[in-house]
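Have a look at the structure below, then the notes.
Protein chains: 2
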Amino acid sequence: MPEPIEDFYAVIPAGGIGSRLWPLSRADAPKFLHDLTGSGQTLLRDTWDRLAPLSGPDRIAVVTGRAHRAAVERELPELADLNVILESEPRDSAAAIGLAAAILSRREPEVIIGSFAADHVIRGTRTFEFAVQQAVAVAREGYICTIGIPPTEPSVGFGYIKKGGELPVDGAPEAASVERFVEKPDLETAREYYGDRSYMWNAGMFISRADVLLGEIAENQPELYAGLMELAEVWDDRDARGPVVDRVWPTLTKIAIDYAVAEPAAEKGRLAVIPGHFDWDDVGDFASLAKLNSGGRKENLAILGANARVLADASSGIVVSQTARVISVIGVKDIVIVDTADALLVTTSEHAQRVKGVVDALKLTGRGDVL
Amino acid sequence: MPEPIEDFYAVIPAGGIGSRLWPLSRADAPKFLHDLTGSGQTLLRDTWDRLAPLSGPDRIAVVTGRAHRAAVERELPELADLNVILESEPRDSAAAIGLAAAILSRREPEVIIGSFAADHVIRGTRTFEFAVQQAVAVAREGYICTIGIPPTEPSVGFGYIKKGGELPVDGAPEAASVERFVEKPDLETAREYYGDRSYMWNAGMFISRADVLLGEIAENQPELYAGLMELAEVWDDRDARGPVVDRVWPTLTKIAIDYAVAEPAAEKGRLAVIPGHFDWDDVGDFASLAKLNSGGRKENLAILGANARVLADASSGIVVSQTARVISVIGVKDIVIVDTADALLVTTSEHAQRVKGVVDALKLTGRGDVL
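Read top to bottom, the protein sequences are chains F and E.
Position one of the first sequence corresponds to residue 20 (the numbering used here), numbered consecutively onward.
Position one of the second sequence corresponds to residue 20 (the numbering used here), numbered consecutively onward.
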């Protein structure tokens, strides 16, 4: 175990539902509250356990919605009240991470924050820690530092980070500047990037001084910045906070941190990257989930669910069982079966991305009770 | 509506569970107790409604297991006590139909019985009635008469009846003798039969004088015959029946009526056939069920279940819903999804025949609670 990094504070935005994993993920049971790897604990808990050695357990803030507060606190009994940042309603990632930065910066002006999604899967503790340690060193130099994932396939599901020249930073032998941020590419482009090796996946990990991050928001999204400052000013004053939150929160600009911070910072040469040589998966859909749980063998049928009773014959793909029902699967390939108390999904890996469309259709057709 | 046929008695063996339709059909909810066509009533009730105009409602006997007595009587409130023939345990069709023949023959020596499965689907009332009327006329001449179904495809799922020469019988213009009975053929042979047109599907319908049927059993299965006679002798004597049933029932030879009666009768020129020009389906597996409910269009997704909540996209096959769950189906072709309270089946039309194997596997692995 490493010593905690003195000036480092971890931030976990725990907001997204993960609609493409419906009916497993849903409003009252978002993706980060599930065990998607059979580890026996939730992704949120995994994230906490990964960060606590780096920051210390008293220096992890969780940004989450009111609806999930109880569940989050159940998962993380060590989480101090001070470290729970409640969102009145979701306003996207720049608001969530920016608010954490603003609050922590008032408390501790020199603090370096690192934000890490609550619902990604990472394997390789030591490599992860080494990457974060390097990123913190780079952040101390005033950069906004990302951790990019060297691609293991030409994925069209992620944004890419194009690495620029090396950055000479003590304690960060792998540091490089970022030339630019790229949106999810088409397959041909993804293949190019994959061959090039100077492109890395954007895994949504940002490490920087809180004040540097806020400066970037101030430059690019001045209205959002003003709102965040107003909120931060009263945040630690219980009596004053309520009315300000009620007034300001609904006005916060809804924008992803990639657009509000990372892209413009890259253009101005203020973005750096450290390669993350650990296994990383955002478990974006059931195809990813199947892959993650099939031991890498495409002909396997992965089974997820502590009490799963599955009888399979000549089948591959994944069965997610949240009920005690016997599930019999015969002669279906690359199948995705998700069995929950009130909803059942049957599709294939190939169509896994279309699950989000179902969620939209259920809303539109008045069947939102199962979302 | 025709006048009931005076000397005719209908017999409905309601025994088989229909394992290939698991988890829809099961020990406590056999196939004949399901609505498989969306008609709003069970196959057993459909069978009754089809036969009652031909025999009169007081002249239909149902042979069923003790476990299903209550359900059968709920479905058929008109069914008189006298017409319930309870099996202590299943001993196959020769015993079931033979016992009905023996009991009815004692009550009414000249009676003509017609046995019709409780769980087949027939469409075309007038054609069905015409076939039965002809078959009864043939039976009066001392033949055992079947109703054969002219094939609409080269099926390997049924046995075949090879038609011989015409039989000159008054009131039965389509009567023919049967040259032989054939087991389920391979595909090549089925194609030959299909082209030949003198082969018909064996739909398990037998119409004959009760004493003629019993004579055939006596010749071919003398031990079974002796047991049936012993049972019939005491059947209508409530006090005497019990001990005889307990002693004799377990000794009855287990054999299908096809082997005990139809095949040997055909060899001896005692079997006749009337073509049934109605739509007939034994709904042998989920592939048949899908076809039956898809309006004949292979690209359709058939949905069965009064309270089904199915959201489908680019899918075909069948969804059978017995729960109130939302079922979402995306991009799966020829799929079979059967959703019940305690068991879920996912397979394809192609593998529908393998469902029986699952039932066997569940028994072997101690999960018989869902059978």
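For glycine and all other residues, C-beta sits at the position ideal for the given N, C-alpha and C.
Straight-line Cα distance separating residue j from residue i
i	j	result
E318 of chain E	A121 of chain F	57 Å
T66 of chain E	H139 of chain E	8 Å
E391 of chain F	R88 of chain F	Look at the range of chain F in this structure, 20 to 390, and you will see that residue 391 of chain F is not part of it.
G314 of chain F	S134 of chain F	29 Å
E185 of chain F	P21 of chain F	26 Å
M224 of chain E	V389 of chain E	32 Å
R228 of chain E	L323 of chain E	39 Å
L98 of chain E	S307 of chain E	30 Å
S124 of chain F	L383 of chain F	42 Å
V201 of chain F	V157 of chain F	22 Å
V155 of chain F	Q60 of chain F	28 Å
A71 of chain E	T146 of chain E	15 Å
E160 of chain E	V188 of chain E	8 Å
L95 of chain F	R64 of chain F	7 Å
L250 of chain F	I337 of chain F	44 Å
K352 of chain E	E207 of chain E	27 Å
A92 of chain F	I349 of chain F	It should be pointed out that residue 92 of chain F corresponds to Glu in this sequence rather than to Ala. Each residue's Cα considered, the two are about 41 Å apart.
I226 of chain E	D358 of chain E	38 Å
E172 of chain F	A237 of chain F	37 Å
R216 of chain E	P32 of chain E	29 Å
L247 of chain F	G117 of chain F	7 Å
E25 of chain E	V82 of chain E	21 Å
D68 of chain F	D111 of chain F	25 Å
Assigned secondary structure, residue i (DSSP; H/G/I helix, E/B strand, else coil)
i	result
E369 of chain F	helix
P294 of chain F	strand
V280 of chain E	helix
L233 of chain F	helix
P32 of chain F	strand
D215 of chain E	helix
V175 of chain F	coil
S107 of chain F	coil
R228 of chain F	strand
K203 of chain F	coil
G84 of chain E	strand
L118 of chain F	helix
R142 of chain E	strand
G246 of chain F	helix
D379 of chain E	helix
K181 of chain F	strand
For residue i, the first and last residue of its enclosing alpha helix (DSSP H)
i	result
G261 of chain E	257–267
V58 of chain F	Checking the sequence, you will find Ser at residue 58 of chain F rather than Val. Careful: S58 of chain F lies outside any alpha helix (DSSP H) and carries neither H nor E.
S307 of chain F	305–312
L320 of chain E	First-last for L320 of chain E: 320–323, but that is the beta strand (DSSP E), not the alpha helix (DSSP H).
G133 of chain F	G133 of chain F -> not in any alpha helix (DSSP H); beta strand (DSSP E) instead, spanning 131–134.
G75 of chain F	Element bounds for G75 of chain F: n/a, residue is neither H nor E.
Contacting residues, own chain, Cβ-Cβ under 6 Å from residue i (five flanking each side not counted)
i	result
F305 of chain F	V355, A371
A114 of chain E	L271
R328 of chain F	V345
E282 of chain F	F200
K375 of chain E	S38, R39
E106 of chain F	G84
A321 of chain E	A309, N312, S313, I337
From the options, residue whose alpha carbon lies closest to that of residue i
i	options	result
V345 of chain E	F:A343, F:A360, F:G183	F:A360
Q240 of chain E	E:Y278, E:D300, E:G336	E:Y278
V30 of chain F	F:E22, F:I131, F:G190	F:I131
L43 of chain E	E:G303, E:I79, E:R110, E:L383	E:G303
E127 of chain E	E:F27, E:P173, E:A284, E:E207	E:F27
L101 of chain E	E:A154, E:D256, E:D205	E:D256
N391 of chain E	E:I180, E:R260, E:M248	With chain E represented from 20 up to 390, any question about residue 391 of chain E goes unanswered, as that position is not in the structure.
G234 of chain F	F:V377, F:R373, F:V280, F:A321	F:V280
S58 of chain E	E:R78, E:I141, E:R45, E:L73	E:I141
M219 of chain E	E:A284, E:A291, E:A331, E:E148	E:A291
Limits of the beta strand (DSSP E) - the one that residue i falls within
i	result
V329 of chain F	328–332
G336 of chain F	336–340
D358 of chain F	354–358
G350 of chain E	G350 of chain E -> no beta strand (DSSP E), and no H or E assigned at all.
G167 of chain F	163–168
Neighbourhood of residue i by C-beta, 7 Å cutoff - its chain only, sequence neighbours within 5 removed
i	result
E193 of chain E	Q153, I293, P294
E242 of chain F	T272
V231 of chain E	G161, I163
V175 of chain F	K203, P204, D205, L206, A209
Distance cut-off 7 Å: residue i Cβ against heavy atoms of the ligand COA
i	result
I180 of chain F	Because no ligand of any kind appears in the structure shown, any question about the ligand COA cannot be addressed here.
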